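Student: Right, I'll just put the structure down here and ask away after.
There are 2 protein chains.
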Amino acid sequence: MAKLADTKPKRAVTGTDLSNNDMQGKAVVMGLNAAIVTVSEDLPKILVVPQAGANAAASESWDALPFGPFDPLRHRTLDIGLRDWVQEQTHLALGYVEQLYTFGDRGRNAMEVNEDGAHVVSVGYLALTRTHESEQEGAAWRDWYQFFPWEDWRVGKPAIIEQTIAPLLRDWAAGQTDATPEELTRGKRRDRMRLYFGLDGVHWDDEKVLERYELLYEAGLLREAARDGRRNALTAHAGTGHDLMIGLPMQFDHRRILATAMSRLRAKLKYRPVAFELMPPVFTLYELQRTVEALLGLHVHKQNFRRLVEKGGLVERTGKMTTRTGGRPAEQFRFRREVLNERPAPGLRLAPSKSRAST
Amino acid sequence: MAKLADTKPKRAVTGTDLSNNDMQGKAVVMGLNAAIVTVSEDLPKILVVPQAGANAAASESWDALPFGPFDPLRHRTLDIGLRDWVQEQTHLALGYVEQLYTFGDRGRNAMEVNEDGAHVVSVGYLALTRTHESEQEGAAWRDWYQFFPWEDWRVGKPAIIEQTIAPLLRDWAAGQTDATPEELTRGKRRDRMRLYFGLDGVHWDDEKVLERYELLYEAGLLREAARDGRRNALTAHAGTGHDLMIGLPMQFDHRRILATAMSRLRAKLKYRPVAFELMPPVFTLYELQRTVEALLGLHVHKQNFRRLVEKGGLVERTGKMTTRTGGRPAEQFRFRREVLNERPAPGLRLAPSKSRAST
DNA sequence: CGATAATATGCTCAAGTTGAGCATTATTAG
DNA sequence: CTAATAATGCTCAACTTGAGCATATTATCG
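Chains as they are written, first to last, in my numbering: chain F, 1 to 359; chain P, 1001 to 1359.
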């Protein structure tokens, strides 16, 4: 076979070499992490397991996502491993599951050495499920906006943005002496701030959840950043030295994984009929709308939403009415699962409403 | 911490348990695989390294993507590991790099045990680069349509679809006695066939590269499927018993990774200005268009394409003209990299032209 | 019982976007 | 000079999108 790596003498590994080389240093353990989402009472919720891990300060208990190591002897694929884990830990049989990203950053509490000396790499997953009442002991559904209070714009711009985040980020951006090459490719601090948080009149992009999280992390404004040994801008800037907290932290890199899940889900809602995974078998169009709005953190125009859903052939009428919600009775609909086998790319394709209320 | 997994007694692993349990069986090696794309002479090309691995039949040499194991001791992140690998193997300093997916399927030659007993999981990456002439010995740029001859529709529907693929798939679909539950969720064989390959008047979706590849693999029509011990529909159905080959095969799961890269790139072209990563510093709009068309495997409407690019503020005029291509001289443009810091989501948003020629 | 609140649902309309094609202009090849 | 090849400008109908008006149907409260 061709020799490709003659310049650096260290290691000329290729396909076959992969099996010849010493693998000791290269072995890692893959942690499978699930961001399991449901929507109830107009709030998107994720399943968390509280853990008194090494990360959390003694007084606090940071939530974690359900997770466990991938055992290649036991499971044929990563997905199967994840499903099995979740089933074991929470008794939930997952339906919709989607792999998000594999994080291997050392120093972000994902890529740390465990007690056996193995490095851990995290694979993040998004799972959607209808709401199930009785969960296991210890596991709980938590409103995802508790971890991301700046992401819910349904009642207007969250106060935390102008009151807390923007000033701290401005300080951070002002403190930028010279952009590192890395920062130049990603845009300068002030630009990223404006773009991601919709400052100075830039439009809010509901899908940039991960970008916003990473920016806050880089700026040292999150507990996780402090934990990871970053300069803690919170105590440095808050003045009072109070323990400022921008959203609840999570263990390991789990808040980052949740941010990835939120970004992906918000994006996907617009071009794939995934919202229906979260709905009961029959539902009214307004119920569907509220679910979507909860996830997007935005209101959409009610009449246009119906037009989209109905004309898109995504639902079929059941003929049955419900008076469940005060007001004129609403017709109940059913998801037309067949669309998946009809058109190549069905979806919701929705644009956020510019008017506040969805009347 | 909460006990979550009492039902199945095997293993009650949680965050902290992750470090207590025996990790021996769970250690894996992560293979980093790069689908490095460039476009030259109106063809998208990927960098391959030929290898006489265990997969290939004695007489053949199946191409592989550049790859190597991730060494957590040496590299802080997976991305850095990949860049370093590629640099070593091919002397290419990658610019744009994007993680695609982590494949861990046993039995698809990704998740096999190597000689040290370690299981291998593949992480696929997409990288974009301008064309560089002098590559390393052994590494070569190969037209990606050699691996996917059914994906290039620029000169009309590829003959291989109606002549070879459709009949074989129809046989396969007809042979479906009863759908497995798995097949039901993914749609029945005949539906998937129609949707993915645009049969019976369904519109061709250029982004479904991975779906098409997986369908062909499942149907046993690809060499890789035969290698993995699947019923080989090729010899079973071809009649003559000839060695039919639908596109060049690749080692391991590399053709699958390439399919993932193609899907992602074709999708991304439409909402992010990634095409410019493949262009020289100055270029004419038609050159940009040809590059995009090569990647999509489709023609687009020339005038509308310009409108989109120009009005979208993606480029700026240089004022210089070139007569390089016979015909009226074209103005040269430059990518306005600033757009990345201006609007939240710039992109090309192009729709394939319905008329064949781009006049 | 009538007014009010809270939806549900139908419809309209202007503005913007998209797909397609015509017309004109500037070069090179022959 | 003519044909071929592009580049570029412009138009236009069809469709999509964003927004709002109007009306219908229920529960509830006084």
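We treat Cβ as the ideally placed atom computed from N, Cα and C, and that holds for glycine. Quick caveat, the model's predicted, so the values are computed rather than measured.
#1: Which of helix, strand or coil does DSSP assign to R1343/P?
#2: Skipping 5 residues on each side, what residues in its chain have a beta carbon closer than 7 Å to that of F276/F?
#3: Return the bridge partner residues of L73/F from the DSSP annotation.
#4: Distance cutoff 9 Å, beta carbons only. Does V1147/P sit that close to anything in chain F?
#5: Measuring only the C-alpha atoms, how far is D178/F from F1148/P?
#6: Just how far apart, CA to CA, sit R256/F and L216/F?
#7: Consult DSSP for A1330/P and reduce its assignment to one of helix, strand or coil.
#8: Would you please state the rounded distance, in angstroms, between the beta carbons of V300/F and L350/F? I believe it to be under 8 Å.
#9: Where R1142/P and F1103/P are concerned, what is the direct C-alpha to C-alpha distance, given to the nearest angstrom?
#10: Can you tell me where the beta strand (DSSP E) with I1036/P in it begins and where it stops?
#11: Around the C-beta of G198/F, are 16 or more other C-beta atoms found within 10 angstroms, so that it is buried, or is it exposed?
#12: Leaving out five residues before and five after T1322/P in sequence, what residues of the same chain have Cβ atoms less than 7 Å from its Cβ?
#13: Under three-state DSSP, which class holds P149/F?
#14: Closest to K208/F by CA distance: which of A174/F, G201/F and R266/F is it?
#15: For R154/F, I'd like the list of residues in its chain whose CB is within less than 7 Å of its CB, leaving aside the five on either flank, ordered along the chain.
#16: Enumerate in chain order the residues of its own chain whose CB-to-CB distance from R1130/P is below 7 Å, with the five nearest sequence positions on each side excluded.
#17: Which value, in whole angstroms, describes the spacing of the CA atoms of H91/F and L1314/P?
#18: Taking 8 Å as the threshold, find out whether the segment 1248 to 1263 of chain P comes into contact with the segment 1062 to 1078 of chain P through three or more Cβ pairs.
#19: Would you identify the three-state DSSP class for L1215/P, choosing helix, strand or coil?
#20: Listed in chain order, which residues of the segment 62 to 78 of chain F have Cβ atoms closer than 9 Å to some Cβ of chain P?
#21: Can you tell which of D152/F, D191/F and R223/F has its C-alpha closest to the C-alpha of N1341/P?
#22: Rank I1160/P, T1077/P and N1033/P by C-alpha distance to the C-alpha of V1086/P and give the top, closest one.
#23: Answer yes or no: do V28/F and A140/F have a C-beta to C-beta separation smaller than 9 Å?
#24: If you follow the beta strand (DSSP E) that T1318/P is in, where does it begin and where does it stop?
#25: Could you tell me the distance, in whole angstroms, from the CA atom of R343/F to the CA atom of M1250/P?
#26: Could you pull out every residue in the same chain whose Cβ sits closer than 7 Å to the Cβ of R1270/P, ignoring the five residues on either side in sequence?
#27: How many angstroms separate the CA atom of E182/F from the CA atom of G1156/P?
#28: Does the separation of the CB atoms of D63/F and R74/F fall below 9 Å?
#29: Enumerate in chain order the residues of its own chain whose CB-to-CB distance from R189/F is below 6 Å, with the five nearest sequence positions on each side excluded.
#30: Hey, is G1201/P's beta-carbon within less than 9 Å of any beta-carbon in chain F?
#31: Give the straight-line distance between the Cα atoms of D253/F and S122/F, rounded to the nearest whole angstrom.
Tutor: Taking the geometry as given:
#1: coil
#2: F335
#3: Bridge partners of L73/F: none, in fact.
#4: Reading the sequence as shown, one finds Phe at residue 1147/P and not Val. No, F1147/P does not count as interfacial toward chain F.
#5: 46 Å
#6: 11 Å
#7: strand
#8: 5 Å
#9: 23 Å
#10: A1027 to S1040
#11: buried
#12: T1284, P1329, A1330 and Q1332
#13: helix
#14: R266/F
#15: E293, G297, L298 and H299
#16: T1038, L1278 and P1280
#17: 50 Å
#18: yes
#19: helix
#20: A64, P66, F67, G68, P69, F70, D71, P72, L73, R74, H75, R76, T77 and L78
#21: D191/F
#22: N1033/P
#23: no
#24: V1315 to T1322
#25: 31 Å
#26: Residue identity differs from the one stated: residue 1270/P is Lys in this sequence, not Arg. The answer, listed in chain order, is G1347, L1348, R1349 and L1350.
#27: 43 Å
#28: no
#29: A173 and Q176
#30: no
#31: 8 Å
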